[in-house]
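Take a look at the structure set out below.
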Amino acid sequence: MGPNKRSIQKNNSKKVKKVVKGVEKTQTRRNKKLMGKRKAPEKRLVVAERERKVLKVAESKKIWETLRLRKLDPKEREKQIEKVLDIWKGNLKKACLRPDTCRVIQSVIKYGSEKQKLNLVRSLIKDVVELSKDRYGHFILLKLFRYCTKEQIEEIMNSFRGQLVSLLKNRYSSDVVDFFFQAVASAQQKKILLQELYCGNERQILASLGDSMKNVSSLKSFLVNIGSEFRETILSSIVRLLDSFSSNARLMRSALVHRLAKECFEELDENLRKILAASLISHGSVMLHTREGSQVVIECIKLAKATEKKQLAKSLKSDIVKVIMDESGHKVLLSLIHFTDDTIMLENVIFREIIRNAKNLITNKYGRLPILHLLCPFSRRYFHPSAYSFLSDDVNVTKVKKDFETRRQELLNLIQHSLEDILEKNLQYFVCNNFAYVVVLEFILYIFRKGVDISNWLEAIEDIYCLQLENKLQVCGSTLKGDSGADFSTIETRFPARILRILCKTVNTSQVYRHILDRIGKYKDMVQDVEERRLASTVESFNELS
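Structure below.
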């Protein structure tokens, strides 16, 4: 007899070819998977609904709407907070891990009394590490650091001990640790965090030192305390730790990691420095926003290959304006200019962006420095040795082939015409600005030393100075007439006067002095500031000698 027509026909691989009406479909492995997937969301919804009932989410959110009102009476707010805490008694951790109830707890921390905060911290202290690693829970830790007392913060920090490396490697807890280190931690607490990183995987060494660690303030003093027999072990452990950190771009933004890398660079020998620099240079664009981070990137640039420097410069191109105007970032850019042989790349990537945004950058305290570094390098007036000591470092230590003077002249030849055009177009704006006028002055002195005639520049600055003096006369006249709305803020004569005085002494010809004397002689009786008087006395003294 043949097979029944109403049976399910299957092939060798057990797959159903045809299903006849009235016969139940056989559950293959694939079908079971699909059914499991369909049921999973339903289960999740059931669990979520159960949690909502346990936490009384709707009720707590209604209370939240009341307690966060700014004009609410403090006593009434305290009562509302007590209600919320009573609702979540025994379930506080669950409430911290939900997106909606997490917001309620943040308000409780912000507005709660000292007693309420203390009870909250004690309830959560066992779960601090887990909360810091959670998508929503880490916001609770950030609020606690902002609004809790020093004693409560100390308790939270003690919970982090022994877990610091794992906390730093987590996406959310790394932000918590970084905020604590930068904004909250005392000097002693920072030392404790760093000491844990010094040992890394060698925690037994840290435990064996005991009370002697109280005097440790840096990696240098730590290495002295542990003795020479453990020095290489500790340093290689830190290098491995930093190398593992370098695989996480987000973690390389942390100020704690920057501090560790900076102290490590100071103690390493040349070979280990090169290994560490090779792993960190690729993260230069995210490390330069802190003081220690910028120092690390500068050390990496000194030891980097030409290709690595080029990659770093290209990674900075899109944010070049922000980097130049940053207190720490501009030093990285200066070191890149100072220790790079490829001047054409520097002109294309860095200086082209500087010229394009010159109106904003030249008038900025830090933005003007890359151009000043080319026009007057090592000038103590703009580059104090204590702040810019890296510019005077021995070039033999770095991987630079060309002499700095050669590279400087190549760069100036590339940017001279575009810089001259931008200065001429905005001369009055730059000459009357307290940061930009020195760029104009140093550029004129530079082209004068090259033998270029600067009479056009002198005449243009004289015109600006006389125009400003005329405006000053008009404002003074309107003030005498009783006009209280007279505005002196738009009138600036000090900086044009200073430029003219220095250029007069530099050029030092009777023709220039007489020309200036003829122009400013009629303003002699005006009330003048220091720079105007200095210019007038310089011109008059030359006139008397002649």
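Read left to right, the sequence shown gives residues 1393 to 1938 (this note's numbering). Think of the CB as a built atom: it goes at the ideal place given N, C-alpha and C, for glycine as much as any other residue.
Three-state secondary structure (DSSP) of residue i
{"i": "T1458", "result": "helix"}
{"i": "V1832", "result": "helix"}
{"i": "F1571", "result": "helix"}
{"i": "A1641", "result": "coil"}
{"i": "H1776", "result": "coil"}
{"i": "A1696", "result": "coil"}
{"i": "K1793", "result": "coil"}
{"i": "S1727", "result": "helix"}
{"i": "V1496", "result": "helix"}
{"i": "S1505", "result": "coil"}
{"i": "L1927", "result": "helix"}
{"i": "K1864", "result": "helix"}
{"i": "A1577", "result": "coil"}
{"i": "G1592", "result": "coil"}
{"i": "Y1564", "result": "coil"}
{"i": "K1429", "result": "Interpretation of K1429 is limited by its pLDDT of 49, a score under 50 that renders its predicted location unreliable; the figure taken from the coordinates is listed afterwards. Helix."}
{"i": "T1732", "result": "coil"}
{"i": "Q1555", "result": "coil"}
{"i": "N1403", "result": "Residue placement at N1403 is flagged as unreliable, the pLDDT there being 45, under the threshold of 50; a coordinate-derived value is accordingly withheld."}
{"i": "S1781", "result": "helix"}
{"i": "R1760", "result": "coil"}
{"i": "T1885", "result": "coil"}
{"i": "E1719", "result": "coil"}
{"i": "K1842", "result": "coil"}
Buried versus exposed, by CB contacts within 10 Å (16 or more), residue i
{"i": "D1526", "result": "buried"}
{"i": "R1665", "result": "buried"}
{"i": "F1770", "result": "exposed"}
{"i": "K1793", "result": "exposed"}
{"i": "R1773", "result": "exposed"}
{"i": "L1461", "result": "exposed"}
{"i": "S1686", "result": "buried"}
{"i": "S1727", "result": "buried"}
{"i": "N1826", "result": "exposed"}
{"i": "I1548", "result": "buried"}
{"i": "S1982", "result": "This structure leaves residue 1982 out entirely; the chain is present only between 1393 and 1938."}
{"i": "H1530", "result": "buried"}
{"i": "P1491", "result": "exposed"}
{"i": "G1877", "result": "Any reading at G1877 must be qualified, since the residue scores a pLDDT of 48, below 50, and its modelled position is unreliable; no value is offered."}
{"i": "H1776", "result": "exposed"}
{"i": "S1638", "result": "buried"}
From the options, residue whose alpha carbon lies closest to that of residue i
{"i": "Y1503", "options": "D1478, D1465 and V1520", "result": "D1465"}
{"i": "I1584", "options": "L1652, G1529, S1710 and S1566", "result": "L1652"}
{"i": "V1678", "options": "G1721, L1761, C1488 and D1478", "result": "G1721"}
{"i": "K1842", "options": "Y1590, D1795, L1767 and L1850", "result": "L1767"}
{"i": "S1629", "options": "S1639, E1457 and G1592", "result": "G1592"}
{"i": "N1640", "options": "Y1564, L1615 and Y1821", "result": "Y1564"}
{"i": "I1729", "options": "N1617, I1763, N1663 and S1638", "result": "I1763"}
{"i": "Q1498", "options": "K1714, W1456 and N1511", "result": "W1456"}
{"i": "T1541", "options": "F1571, L1510 and F1552", "result": "L1510"}
{"i": "L1648", "options": "L1589, F1782 and R1538", "result": "L1589"}
{"i": "D1567", "options": "L1725, I1891, K1471 and L1643", "result": "L1643"}
{"i": "K1475", "options": "E1451, A1487, E1884 and D1492", "result": "E1451"}
{"i": "K1701", "options": "N1617, S1710, V1713 and A1670", "result": "A1670"}
{"i": "F1731", "options": "R1748, D1711, E1684 and D1795", "result": "D1795"}
{"i": "C1896", "options": "S1847, N1863, F1622 and K1864", "result": "S1847"}
{"i": "I1856", "options": "E1834, V1831, Y1838 and L1819", "result": "L1819"}
{"i": "V1715", "options": "M1737, V1688, T1682 and Q1544", "result": "T1682"}
{"i": "R1886", "options": "L1837, V1823 and K1467", "result": "V1823"}
{"i": "Q1574", "options": "G1482, S1620, R1645 and H1776", "result": "R1645"}
{"i": "A1705", "options": "E1719, Q1860, R1744 and E1662", "result": "R1744"}
{"i": "R1553", "options": "E1662, Q1587 and C1494", "result": "Q1587"}
{"i": "L1672", "options": "K1454, T1798 and D1635", "result": "D1635"}
{"i": "I1814", "options": "L1803, A1828, S1784 and V1741", "result": "A1828"}
{"i": "N1939", "options": "E1543, V1724, I1712 and E1655", "result": "Past the edges of the chain, shown from 1393 to 1938, lies residue 1939, and the structure says nothing about it."}
{"i": "P1888", "options": "I1626, K1448, E1812 and E1854", "result": "E1854"}
{"i": "V1830", "options": "F1782, I1754 and A1852", "result": "I1754"}
{"i": "D1519", "options": "K1535, K1485 and E1546", "result": "K1485"}
Opening and closing residue of the alpha helix (DSSP H) in which residue i lies
{"i": "I1473", "result": "P1466 to I1479"}
{"i": "R1752", "result": "Checking the displayed sequence, the identity of residue 1752 turns out to be Asn instead of Arg. Run containing N1752: A1750 to L1753, per the alpha helix (DSSP H) assignment."}
{"i": "D1526", "result": "Per DSSP, D1526 belongs to no alpha helix (DSSP H) and is neither H nor E."}
{"i": "Q1820", "result": "L1819 to V1823"}
{"i": "S1940", "result": "Because the chain is modelled from 1393 through 1938, residue 1940 falls outside the range shown and cannot be assessed."}
{"i": "A1487", "result": "L1484 to C1488"}
{"i": "S1771", "result": "S1771 -> no alpha helix (DSSP H), and no H or E assigned at all."}
{"i": "I1548", "result": "K1542 to F1552"}
{"i": "V1608", "result": "No alpha helix (DSSP H) contains V1608, which DSSP labels as neither H nor E."}
{"i": "I1716", "result": "I1712 to I1716"}
> In chain order, which continuous runs of the alpha helix (DSSP H) of length 4 or greater are located wholly inside the region 1649-1692?
Replying inline: 1662-1672 and 1676-1679
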